[in-house]
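Peer 1: Got a structure for you, written out below as structure tokens; questions coming shortly.
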Amino acid sequence: HFANGKLIQVYETYQTKLKNLNACDFGDLLLHCITIFTAHQDILGAYQRKFRYVLVDEYQDANVAQYLWLRLLAMGHHNICCVGDDDQSIYGWRGAEVGNILKFEKDFTGAKVIRLERNYRSTSDILAAASSVIANNKGRLGKTLWTDLRETNKVKVISVWDEKQEAKYIADEIEALQQIKRMPLKNVAILVRTSSQTRAFEECFTAQRIAYKVVGGLRFYERMEIRDAIAYMRCTVQSSDDLAFERIVNTPKRGIGQATIDQIRET
């Protein structure tokens with residue numbers, strides 16, 4: 059069992075700690091709203107009147123709590139527009155429920171479905187490869203993608219042992235493009251899912267003396283200085299926020315050590 063069968067106990071302890079800090083996590087923001095809307099119809103009605111039109115993007119990634127919250131908010135007027143792709147639902151592991159988008163027409167009777175089937179980004183070869191794979195999905199609304207872009211090179215699927223072999227293969231391909239087709243490096247791009255995947259490429263490119271540029275980086279709110287600033291703001295408006303206080307109590311350095319922090323905790 060997860061957490062050695064003590065999941066409920068861990069959750070209750072966690073929720074008690076949040077209550078003592080007068081705080082809530084992202085999941086609570088949704089759960090508390092649903093509880094309030096369900097128990098107090100007058101409050102629900104006020105918010106339904108306040109938000110007369112509801113627009114939702116990436117609807118296929120909505121979890122059960124988000125789905126229930128949306129239904130409560132939109133059921134009063136049915137003025138809701140959801141944009142999503144049932145074939146892009148890949149976050150089931152974190153609670154996303156593709157069934158939400160599949161039953162949208164049943165939840166909101168008379169809803170109009172508009173299929174956006176024209177692709178402006180990819181060539182026909184890429185669409186053909188993607189469509190042949192997606193056609194095997196179960197539980198989908200279905201669509202036929204098309205494009206006016208001309209055909210280019212066929213899609214290649216390469217199987218490699220690990221990230222180092224992958225980086226080496228791509229580095230060799232880049233060198234071949236430079237030598238055979240005289241292709242400048244500015245015309246070559248490598249797309250990765252997460253920033254942590256760039257390390258293998260950077261090491262390999264450095265070893266083979268291939269110039270490169272990493273585009274992107276940490277998200278704004280993940281930067282240390284931004285999180286520190288937010289912690290200061292949290293302490294200003296919520297003096298009982300121990301987590302925020304511990305983050306900034308010695309930022310910048312004030313000579314406050316771990317022993318002092320432990321003593322504050324005990325008192």
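In the working numbering, the protein residues as written are 59 to 325. Ideal Cβ placement from N, Cα and C applies to all residues, glycine included. Given the structure is predicted, the values throughout are model-derived calculations rather than measurements.
#1: Could you give the distance in angstroms between the alpha-carbon of residue 329 and the alpha-carbon of residue 212?
#2: Over what stretch of residues does the alpha helix (DSSP H) that includes residue 113 continue unbroken?
#3: Give me the Cα-Cα distance between residue 172 and residue 182, rounded to the nearest whole angstrom.
#4: For the candidate residues 100, 143, 157, 148, whose alpha-carbon lies nearest to that of residue 126?
#5: When you compare the segment 65 to 73 with the segment 93 to 103, are there three or more beta-carbon pairs, one atom per stretch, that lie closer than 8 Å?
#6: Can you tell which of 230, 284, 315, 283 has its C-alpha closest to the C-alpha of residue 264?
#7: Does the Cβ of residue 142 have 16 or more other Cβ atoms within 10 Å, making it buried, or fewer, making it exposed?
#8: Out of 280, 82, 314, 137, state which residue places its alpha-carbon closest to the alpha-carbon of residue 109.
#9: Beta strand (DSSP E) containing residue 140: first to last residue?
#10: Quick check: residue 130 and residue 95, are their CB atoms within less than 8 Å of each other?
#11: Would you kindly work out how many angstroms separate the C-alpha atoms of residue 238 and residue 216, rounded to a whole number?
Peer 2: Once the coordinates are examined:
#1: For the chain, the structure presents residues 59 to 325; residue 329 sits outside this window and is missing.
#2: That residue, residue 113, is in no alpha helix (DSSP H); its beta strand (DSSP E) goes 112 to 114.
#3: 22 Å
#4: 157
#5: no
#6: 230
#7: buried
#8: 137
#9: 138 to 140
#10: yes
#11: 21 Å
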